[in-house]
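K.L.:
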Amino acid sequence: MLNKIWFSSVAFIALLSASINVVASDDVNVYSYRQPFLVKPLFDEFTKETGIKVNVVFAKKGMAERLDREGEYSPADILLTTDISRLIELKDKGLLQAATSAELATAIPTQFKASDDTWYALTTRVRNIYSAKRLGKIDFNYEDLADKKWQGKICTRSGKHPYNVALVASMIAEHGEADTLTWLEKVKANLARKPQGSDRAQVQAIHQKLCDVSLGNSYYFGNMLNDDKQKVWADAVYINFPNQSNRGAHVNISGMAMAKHAPNKANALALMNFLVSEPAQKMYAETNMEYPVRPGVKPSKLVATWGEFKADDLSLEVIAKHRKTALILLDKAQFDL
Amino acid sequence: MTPVVVMLFGSLNASSDLFSHLWATVLPEYIRNTLLLGILVAALSFCFGVPAAAIISQTNIVMGKQLRWLLMLPLAMPAYLVAYLYTDLFDYAGPVQRSLRAWFDWQSPNDYYFFDIRTIGGAAVVIALVLFPYVYMLTRTAFEQQDRNLLRASRLLGCTERQSFYKIALPLARPAIAVALALVVMETLADFATVQYFAVNTLTTAIYDTWLGYSDFAAANALASVLMLFILFAVVAEQRARAGQRHQSSRPNSNQALKQLSLGQQIIASIFCWSLVFAGFLLPVILLLSMAFEYADYAQLLTLLDTGENSIEIATYSATIATLIALVLGLFQRLHQSKARTLPVQISGFGYAIPGTVLAMAMLATFGPLDHAINDFAKMLGFSAPGLILSGTVFAIIFAFVVRFSAIANGTISAGIGQIPKSLDFAPASLGVKTLPAIFRVHLPLLKSSILVAWLLVFVEAMKELPAVLLLRPFNFETLSTQIYQLISDERLEQGALGAILIVLFGLLPIIFLNRQKDNK
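Residue numbers (this note's numbering), protein chains in the order written: chain A, 1 to 337; chain B, 1001 to 1521.
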C-alpha cells in the first residue's frame, strides 16, 4: 500500500512537470469563446505564413474570471468572442489593452471598433426572423412578434441567450424600458412552447409545423443548408431581414481584443493584422456564413443570395450598455418560465 | 474544503438589490423547481435502485450474474449526453413523434396527446435513469454484507419472508441508501447542462444568470451557498433521523440461500431489471452506435484515442487521490472519534453539490493568489517567473475533481468502515499489534471492495465531468468530454458519437474489472 502511495505521488509529480510546457515566446496564445473548428483553419494559415504557433483554449463560461484571476501572469494574448457584450465586459473589467496598427485602422470601419481601440469586430451576424414558406413572403418588424395574430405560432431559444439579450437591448434603445417589457410579455404570450433548444431547433420545429415563426441568427441558415440532415428544415423557411422600412435589422458581432498583460505582444498584433486582412476576412466570414466587417470583402456566394439588407446602425456600445436592463426585463416578463 | 470556504467568503459582498429583483421575479419558481426535481429524482432513483438491488442480491432471477453488472452500466453514460439523446428522440420534431404522425396521419400537436419530454418530470426520469446505479450499487453491497443470522432470527420469531425483508434487511441498508440518495441529489442539483436541455430552470440557472448575465460573481456565490444549504439540510435531517443507530456485522454472508421466484415473479422481476438496463444504457448506446456508423471514420478514431488518453490520465489521478484521502480521513475518524473531527469530512463532502463551473472559479480564486506569490517570489530571487504552475495546469483540474468527487469516495468508504465491527479496532491492540500495522492487516483487507467501488465511481465521474475541465484546462488540452461538448453545442453530435462511445467504453473498463475481481474471490 505504501509503495502504491509513493508510486502515485511520484507519477503525479511527473505528470505535473510534463504538463507545464512553458509556452515558448514565438507562440501566440488565444482564449476563445468561438468554436475551435471555426478558427483552426485560419490559425493554420497564419502559422504557415509567419511561423508563429497558435495555442488555443476554448470556453464560454468563466473566461473573463479566469483572465482576471490570472492577472499579470496570464499567458493569454488574444481574446476571441462571439458577442459584443463579452467584449465590453472584458473592457469594463480592465482586462484589455489598446492595439493599433495601420492595417487595423484602415481595415475596420469606426462603428465596428472601440473608440479607444481596445476591441475590433471581425464579422457581423443578423438576428433574423425565420418564417414558414407555407405562409408566403412576409415583411416583418421585430415589433410584429407581439401581434395577436401570431398567438401560439412563435418559437425561440431561451430569452437569456446572449443573442436574444442583445436584441432586447436594442429594443430598449429604440422604445424605452416600459414598452419593451410590454413587448416581451406579448411575445411570451404568443410562444408555441416554452423557450428551449438552439436557433436551429426552432427552424426544425417550423418544418414540423409546431410553429410558424422563429428568431435566429443569419449564419444558421447557411449552415443548415450545407448539412445533409438539416437541409430539409432550412428548405421549409424564408430568412427575413426585419425592420427594413425603418431602423434596420439588429446585428451583433464576433470580435477580438488584446489581453492587458499579453506576454507576446508583437505576435498578438501580427495575428490581429492577419485576421483583418482580406483573405482572412473572407475565410473567417465564409467558414461560418457571416458578414465580413472589412469593406470590399464579399460574403460567401450563398450568403449573398439572401440579398442586400439595411442594418440597424445603433452603436454596439449602447447595446452592451442596455444588457443588464434587458436581463431584468426578461426576468420580469418571466420569459423563460 | 478550502474552495468551499473561499466560496462562502466570496458571497459576503453580494449585492442585495439583485437578490430582491430575483426574489420578486423568478427565484421562487426556480426554488420550487429545484425542490421538485431533487425530490422526484431521489424518489425515482430509490424506486429503480433499491428493488433492483434486492432482486439481484436476494433472488434467483434468470441471468442474475449478468444483470448484476449490467445494472451498473448506466453510470458510464454522461447525463448531459443521455439528456441530449432523449430530448432529441421524444421531442415534437424527434423521430418518435414524427413516425407516429406519419403512421396515423396526424397534422398538428392538437391531434394527439404525447408526453412532453421537456418538463421537470421528463428531466427527473432521465436523470434518475443515469444516476440510479449509485443507489443500486451501494444498496446491493449493503444487502450482501448483512448478517444472515439476523434474518434467520427474525424468521424464527415468526416473520414472513416479506416482513423480515422490510423489518430487518431494508432498515439495515438504510445508511447505504441514504448516502447514495444524497449523492444522487447533489449531482442532480449541481448539473446545469442536463436541466438546460429540458428547459427546466433551477437554482443552478439562477447561479449562471447572476454570474454570467448580471456579472455579479458574489451573488452567484451566495446562491451556490443557498444550494448547499438545501443539501446540508437534507443530509443532516437524514443523519438525525438515524442518530444512535449502528449496524455492524462480523459475518458477511457469502453463501446465502437465494429466494426462489415463481414464474410470474420471475417475469416481472426480469422485465423490471431489463427495462432499466435498456432505458439507461442500451438505447442510448444503440442511438450513438447508429450515428457513429454513419459519420465516423478511422482518422477520427485516432485523434479521439489521443484525447482519450488525457481523459484517462486525469481520471486515474483524481480517483487515486480522492480514494486515498477518503481512506485516511475515514480511518482517522474511526480510530479517534470526536465531534470536531467529523466536521471537516462532512464539509468536504459538499464539494459535490457545487456546480462544476462555480467550483472551477473557486479553484482559480484559491490558486490564483498562490501562483502570484510563487511568481513574485521567483522574481524577487532573480529567476524568471515560472508562470501559472498551479492554476494554469492540469493540477487545478485534478484538484477540482478531488474536491468535487471526494463526497463519493468519502461516502463509499465510510459506509464500508461502518460495516467493520468496533471490536476489530481493539482486537489487534489486545494482541499487542500497533495501530498502523493493524490497519494494514485488518481494516484494509476488509475494506478492499469498498476501496475498489470508491475508486471506480470517482474514475467514471471524472471521465464524464465537463464544466470544470472546460474552464480550467491549459492550452491545446482536450478531453473526450470537452470534445463532445463542442460538437453538441454546434448540433453535430453525430460527429461526436464515436467520442461519446469511447467515454462509455472507458467508463465500462473499471466496471468489468471490478466485476471480475468479485468473481475471482
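Even glycine gets a Cβ: it sits at the ideal position worked out from N, Cα and C.
None of the values given here were measured: they were computed from a predicted structure.
Evaluate the contact criterion for the segment 1107-1116 of chain B versus the segment 1160-1179 of chain B: three or more CB pairs, one atom per stretch, below 8 Å.
P.N.:
No: fewer than three Cβ pairs fall under 8 Å.
K.L.:
Whole angstroms are fine: how far does the CA of B:Ile1413 sit from the CA of B:Phe1405?
P.N.:
Straight-line Cα distance between these residues: approximately 13 Å.
K.L.:
Is there a Cβ from chain B that is less than 9 Å from the Cβ of A:Phe37?
P.N.:
Closer than 9 Å to some Cβ of chain B, the Cβ of A:Phe37 qualifies, so yes.
K.L.:
Just to confirm, are A:Lys265 and A:Met258 a CB contact at a threshold of 9 Å?
P.N.:
The answer is yes: Cβ separation under 9 Å.
K.L.:
Could you compute how far the alpha carbon of B:Ile1314 sits from the alpha carbon of B:Ser1016?
P.N.:
Taking the straight line from one Cα to the other gives about 39 Å.
K.L.:
Could you tell me whether any Cβ in chain A is nearer than 9 Å to the Cβ of B:Met1361?
P.N.:
Output row for B:Met1361: interface = yes.
K.L.:
Check whether the segment 1498-1507 of chain B touches the segment 1426-1434 of chain B, taking contact to mean three or more Cβ pairs, one atom from each stretch, closer than 8 Å.
P.N.:
No, the segment 1498-1507 of chain B is not in contact with the segment 1426-1434 of chain B.
K.L.:
Leaving out the 5 sequence neighbours to the left and right, which residues in its chain are closer than 7 Å to A:Pro295 when beta-carbon positions are compared?
P.N.:
Closer than 7 Å at the Cβ level, and outside the excluded window around A:Pro295, lie Pro109.
K.L.:
Output the boundary residues of the beta strand (DSSP E) element that contains A:Met258.
P.N.:
First-last of the beta strand (DSSP E) with A:Met258: Val251 to Ala259.
K.L.:
Candidates A:Asp228, A:Asp227 and A:Leu191: which alpha carbon is nearest A:Leu215's?
P.N.:
The option with the nearest alpha carbon to A:Leu215 is A:Leu191.
K.L.:
Where B:Leu1472 and A:Lys61 are concerned, what is the direct C-alpha to C-alpha distance, given to the nearest angstrom?
P.N.:
So the two alpha carbons sit approximately 11 Å from each other.
K.L.:
When DSSP labels each residue in this structure, what does A:Arg294 get in the three-state scheme?
P.N.:
Coil, per DSSP.
K.L.:
When DSSP builds the beta bridges, which residues end up paired with A:Leu80?
P.N.:
Paired residues: A:Ser32 and A:Met256.
K.L.:
What does A:Asp336 reach in chain B if we use C-beta pairs closer than 7 Å?
P.N.:
In chain order: Asn1201.
K.L.:
So B:Leu1324 and B:Thr1202 are supposed to be a Cβ contact under 8 Å. How far apart are they, rounded?
P.N.:
The pair is not a contact, with the Cβ atoms about 34 Å apart (cut-off 8 Å).
K.L.:
With distances taken between CB atoms, is the gap from A:Ala249 to A:Ala311 smaller than 9 Å?
P.N.:
The answer is yes: Cβ separation under 9 Å.
K.L.:
Using a Cβ-Cβ distance cut-off of 9 Å, determine whether B:Val1504 contacts chain A.
P.N.:
False, the Cβ-Cβ gap to chain A never drops below 9 Å.
K.L.:
Using a Cβ cut-off of 8 Å, pull out every chain A residue sitting near B:Pro1109, in sequence order please.
P.N.:
Per Cβ cutoff of 8 Å: Leu210.
K.L.:
Does the beta carbon of B:Ala1385 sit closer than 9 Å to a beta carbon anywhere in chain A?
P.N.:
For B:Ala1385, the answer is yes, since a Cβ of chain A falls inside 9 Å of its Cβ.
K.L.:
Under 9 Å between the Cβ atoms of A:Glu89 and B:Ser1215?
P.N.:
Yes, the pair counts as a contact, with Cβ atoms nearer than the cut-off.
K.L.:
Which chain E residues sit within Cβ distance under 7 Å of B:Gly1213?
P.N.:
Of the chains in the structure shown, none is chain E; the protein chains are A and B.
K.L.:
In whole angstroms, what separates the C-alpha of A:Lys332 from that of B:Phe1367?
P.N.:
So the two alpha carbons sit approximately 38 Å from each other.
K.L.:
Terminal residues of the continuous alpha helix (DSSP H) containing A:Trp119?
P.N.:
No alpha helix (DSSP H) contains A:Trp119, which is instead part of the beta strand (DSSP E) from Trp119 to Ala132.
K.L.:
Within 10 angstroms of the Cβ of A:Trp119, are there 16 or more other Cβ atoms? Answer buried if so, exposed if not.
P.N.:
Classification for A:Trp119: buried.
K.L.:
Which parts of the segment 1144-1192 of chain B are runs of the alpha helix (DSSP H), unbroken and 4 residues or longer, counting only runs that do not cross its ends?
P.N.:
Complete alpha helix (DSSP H) runs here, min 4: 1148-1156, 1161-1164 and 1174-1190.
K.L.:
Would you check if the segment 1480-1494 of chain B and the segment 1218-1237 of chain B touch, i.e. whether three or more CB-CB distances between them fall below 8 Å?
P.N.:
No: fewer than three Cβ pairs fall under 8 Å.
K.L.:
For my contact list, B:Arg1140 and B:Ser1057 are in at a C-beta cut-off of 8 Å; report their separation, rounded to the angstrom.
P.N.:
Sure, about 5 Å apart at Cβ, within 8 Å.
K.L.:
Any beta carbon of chain B sitting closer than 9 Å to that of A:Glu70?
P.N.:
Chain B, which has a Cβ nearer than 9 Å to the Cβ of A:Glu70, makes this yes.
K.L.:
Figure out for me which residue from A:Phe221, A:Asn267 and A:Leu314 has the closest Cα to the Cα of A:Thr305.
P.N.:
For the residues A:Phe221, A:Asn267 and A:Leu314, the minimum Cα distance to A:Thr305 belongs to A:Phe221.
K.L.:
Measuring straight from C-alpha to C-alpha, what distance separates B:Asn1375 and A:Pro263?
P.N.:
Their backbone Cα atoms lie some 15 Å apart in a straight line.
K.L.:
Nearest to B:Ser1449 by CA position, among B:Ala1043, B:Glu1144 and B:Met1077, is which residue?
P.N.:
Of B:Ala1043, B:Glu1144 and B:Met1077, the residue nearest in Cα terms is B:Glu1144.
K.L.:
Given that B:His1443 touches chain A, what residues does it touch there, using C-beta distances under 9 Å?
P.N.:
Going along chain A, no residue has its Cβ under 9 Å from B:His1443, so there is no contact; the nearest lies around 11 Å.
K.L.:
Counting only C-beta atoms, is B:Ser1414 closer than 9 Å to chain A at any point?
P.N.:
With 9 Å as the cut-off, B:Ser1414 does not count as an interface residue toward chain A.
K.L.:
Short of 8 Å in beta carbon distance, which residues of its chain neighbour B:Leu1071, apart from the five on each side in sequence? Order them along the chain.
P.N.:
Only Ala1052, Ile1056, Pro1133, Tyr1136, Cys1273, Leu1276 and Val1277 meet the Cβ criterion.
K.L.:
Assign B:Phe1477 to one of three DSSP states: helix, strand, or coil.
P.N.:
Reduced to three states, the DSSP call for B:Phe1477 is coil.
K.L.:
So, is the C-beta of A:Asp331 closer than 9 Å to a C-beta in chain B?
P.N.:
Yes, its Cβ sits closer than 9 Å to a Cβ of chain B.
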